[in-house]
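*Asks:* Take a look at this one; I'll ask things after.
Protein chains: 2
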Amino acid sequence: MQTVDKYIELINRAISSIEYPQNPFGLYEPVKYQLDMGGKRVRPLLAVMACDMFGGNVEEVISPALGLEIFHNFTLLHDDVMDKADIRRGRPTVHKAWCENTAILSGDAMQIIATQKVCEAPARVHKEVLDLYNKTALEICEGQQYDMEFETRDDVTCEEYIEMIRLKTAVLLGCALKMGAIIAGATPKQADDIYKFGENIGLAFQLQDDYLDVYGDAKTFGKKIGGDILNNKKTYMLISALTKAIGKTKERLYALLDANADDDKIAQVTAIYGELGVDKIAREKITEYSQKALAYLVDIPNSEELKFFANSLTERKL
Amino acid sequence: MQTVDKYIELINRAISSIEYPQNPFGLYEPVKYQLDMGGKRVRPLLAVMACDMFGGNVEEVISPALGLEIFHNFTLLHDDVMDKADIRRGRPTVHKAWCENTAILSGDAMQIIATQKVCEAPARVHKEVLDLYNKTALEICEGQQYDMEFETRDDVTCEEYIEMIRLKTAVLLGCALKMGAIIAGATPKQADDIYKFGENIGLAFQLQDDYLDVYGDAKTFGKKIGGDILNNKKTYMLISALTKAIGKTKERLYALLDANADDDKIAQVTAIYGELGVDKIAREKITEYSQKALAYLVDIPNSEELKFFANSLTERKL
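Taken in sequence, the protein lines are chains A and B.
Going by the numbering used here, 246 is the number at position 246 of the first sequence; the sequence numbering is gapless.
Going by the numbering used here, 106 is the number at position 106 of the second sequence; the sequence numbering is gapless.
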């Protein structure tokens, strides 16, 4: 993973050296604050790795890769406004540290800055990269829309949920990899394959996030275990349980959705998940998408590092 | 103005035939609603006129021109959220007709759709057009930021105000014209000149809007006369008055800012504007920017129609 660490350092250095206009300070300061929150920089990393794998010039992919990271952080910023979330990565969210209007407007500016960075892609692939980026960006909005709609629906199916996380999370990983491939001059087939790899790894990763929220280790997961249960969040776990449960179990589960948000609720819902085998279903689904992802790498050269990194993402503490 | 009408019809037809994805309906329906609100389509019209003036193929400019109109409508949508405005062009604003989260997210989607349309610019000028568009889009956010900051400041100068409206309103007119010029293959000097023309016409237009809010004819202005005075809006009129007033007049003006928002307030503030000659200052400034604009057209061929249209914008009911 030495190369990965080297790339992350490269990316973080590039993020730190982005030059924002001096004024208006009130517009650009929240943008910097949001980007400085850290995070794993997975998306730009994937773009850089893909570019390198296909023998491209890594210098050429850095700016478009930053564009993806800035876009991702823009979505987090606006999502936090919509979710009324107070804390992000241990710090107050932008709309808490400033105000909601600042969060909306600085987010808008961030979306433009992201596009500017993507526009620094080499002229020979400018349109192709931009088209991929815009298509993906719009899909992410669609995913967020479905996510919001699901909150007030109680008939969401597992298929609909998978489609939502595909749009909201997975396509950006596919886009990052494909962007690196395009800039490196990979063949269309290779670019599409690596996109599919990213998309499926993204699905596995998000499903695992749902799983770890119930079965993870509080020390390494970074969030309170059972947080999704407390919030009645319609995760793959809960949707599967609601779909599978019948009779008394279904009644108990529905009653628990109305119960006080305390540790007892977490324990009881987790017990139902166990009874219904939802934990096993989720693990199988994660494995299914991971394997589907890997199958797209058969014709891709030099993919060992990417496989290793993807494993580190989807097999963390499972 | 027959050509102008023909172009507006072309633009409106193109707007009506934009194909949005079927789903999620809840994301795209507000986008359509916002775009169908109408408006004068000034920005796409300017892009088309400029393209035609320089002998370009009008077909090539339509999509990028739509991008500008969609971006403009996106800014209106998010501005309405930030201003908590209930009505836009006689209809409930998106955040009123749906909700705030929908307005934020559909606005985000609209920004991406706008960029997609701009990306349909011909390959030979793709990067140039995109760079101009992104730069302008970011400037518009800067303008909105200044506008919001001015609300809580009482030391805004006329120069700062002009810079704010330049960013918030004028640069997009310049951008529209320059985009048309670039697509038509105009020289860099011509493209810059027509940008400057648009920028200065934009300043004249916005200053006139401020002026007409006090001195306009309610029937043709479309908004209540004195609305800005009622809301203590820091327009060019009020800033000039606050700058010029001294002694008792200054005291009266400050007292009026705290007074009840009624017709008497409008009458008294308007009276002070008259005493201070703020109406004359504003008219002179409008003329100054209109003339400055026209000076940039000296080396531009076939500009009669554009001049005529600009006059119709800045000399309406003055």
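Heads up, the beta-carbon is just placed ideally off N, CA and C, and yes, glycines get one too.
Please read all numbers here as calculations on a predicted model, not as lab measurements.
1) Could you spell out where the alpha helix (DSSP H) holding A:Lys292 opens and where it closes?
2) For B:Trp98, which residues of its own chain have a beta-carbon under 7 Å away from its beta-carbon, when the five flanking residues on both sides are left out?
3) In chain A, which residues lie less than 7 Å from B:Gly174 when you measure between Cβ atoms?
4) Could you tell me which uninterrupted alpha helix (DSSP H) segments, each at least 4 residues in length, are contained entirely in the segment 32 to 60 of chain B, listed from first to last along the chain?
5) Mapping the DSSP letters down to three states, classify B:Arg88 as helix, strand or coil.
6) Can you give me the start and stop residues for the alpha helix (DSSP H) that A:Glu100 sits inside?
7) Does the distance from the C-beta atom of A:Thr314 to that of A:Ile225 stay below 8 Å?
8) Could you tell me if B:Ser290 is buried or exposed, where buried requires 16 or more neighbouring beta carbons within 10 angstroms of its beta carbon?
9) Would you kindly work out how many angstroms separate the C-alpha atoms of A:Cys175 and A:Ala186, rounded to a whole number?
10) Using only the alpha-carbon positions, how far apart do B:Ile229 and A:Asp155 sit?
11) According to DSSP, is B:Lys233 helix, strand or coil?
12) Would you say B:Met237 reaches chain A, if we count a Cβ-Cβ gap shorter than 8 Å as a contact?
13) For B:Tyr133 versus B:Lys196, is the C-beta spacing smaller than 8 Å?
14) What is the rounded straight-line gap between the Cα of A:Gln144 and the Cα of B:Glu19?
15) In the structure shown, what three-state DSSP assignment does A:Ala261 receive?
16) Output yes if chain A places a C-beta closer than 8 Å to the C-beta of B:Ala137; else output no.
17) My output table needs one value for A:Lys127: the three-state DSSP class, helix, strand or coil.
18) Using only CA atoms, which one of B:Ala181, B:Thr235, B:Ala123 and B:Leu105 lies nearest to B:Val278?
19) Whole angstroms is fine: what's the gap from A:Ala137's alpha carbon to A:Pro92's?
20) Over the uninterrupted alpha helix (DSSP H) stretch that includes B:Val298, give me the two end residues.
21) Is there a C-beta anywhere in chain A that falls below 8 Å from the one on B:Ala123?
22) Tell me which same chain residues have a C-beta within less than 8 Å of the C-beta of A:Tyr146, skipping the five on either side of it?
23) Any idea if A:His78 is buried or exposed, counting beta-carbon neighbours within 10 angstroms, 16 or more meaning buried?
24) For the putative contact between B:Arg89 and B:Leu68, defined by C-beta atoms under 8 Å, what is the C-beta separation to the nearest angstrom?
25) Pick helix, strand or coil for A:Gln2, following the three-state DSSP scheme.
26) Expressed to the nearest angstrom, what Euclidean distance is found between the alpha-carbon atoms of B:Gly170 and A:Phe54?
27) Closer than 8 Å, CB to CB, is A:Asn231 near chain B or not?
28) Just the C-alpha distance for B:Lys317 and B:Ala103, rounded to the nearest angstrom, thanks.
29) Output needed for A:Ile286: all residues of its chain with C-beta closer than 6 Å, excluding positions within five of it in sequence on either side, in chain order.
30) Which chain A residues sit within Cβ distance under 8 Å of B:Cys325?
31) Under the rule that 16 or more other beta-carbon atoms within 10 Å means buried, what is B:Gly216, buried or exposed?
32) Is DSSP giving A:Lys317 helix, strand or coil here?
33) Is B:Asp108 near A:Gln111, with beta carbons less than 8 Å apart?
34) Return the residues of the segment 25 to 37 of chain A that lie within a Cβ-Cβ distance of less than 7 Å from chain B, sorted by chain order.
35) With a threshold of 8 Å between beta-carbons, can B:Leu46 be considered close to chain E, or not?
*Replies:* Walking through what the data contain:
1) Val278 to Ala295
2) Pro30
3) Correct list: empty, because the minimum Cβ distance to chain A is about 17 Å.
4) 42 to 53
5) strand
6) Glu100 to Val118
7) no
8) buried
9) 14 Å
10) 51 Å
11) coil
12) no
13) no
14) 21 Å
15) coil
16) yes
17) helix
18) B:Thr235
19) 25 Å
20) Per DSSP, B:Val298 belongs to no alpha helix (DSSP H) and is neither H nor E.
21) yes
22) Glu160, Glu163, Met164, Leu167 and Lys168
23) buried
24) That belief does not hold up - the Cβ atoms of B:Arg89 and B:Leu68 are roughly 18 Å apart, past 8 Å.
25) helix
26) Looking at the sequence provided, one finds Ala at residue 170 of chain B rather than Gly. B:Ala170 and A:Phe54: Cα-Cα distance of roughly 45 Å.
27) no
28) With a pLDDT of 48 at B:Lys317, under the threshold of 50, the modelled position of this residue cannot be trusted, and the question is left open.
29) Ala204, Leu207 and Gln208
30) The requested residue 325 of chain B does not occur in the structure, where chain B is confined to residues 1 to 318.
31) buried
32) Residue placement at A:Lys317 is flagged as unreliable, the pLDDT there being 49, under the threshold of 50; a coordinate-derived value is accordingly withheld.
33) yes
34) Gly26 and Leu27
35) Looking at the structure shown, chain E is missing, and the protein chains on hand are A and B.
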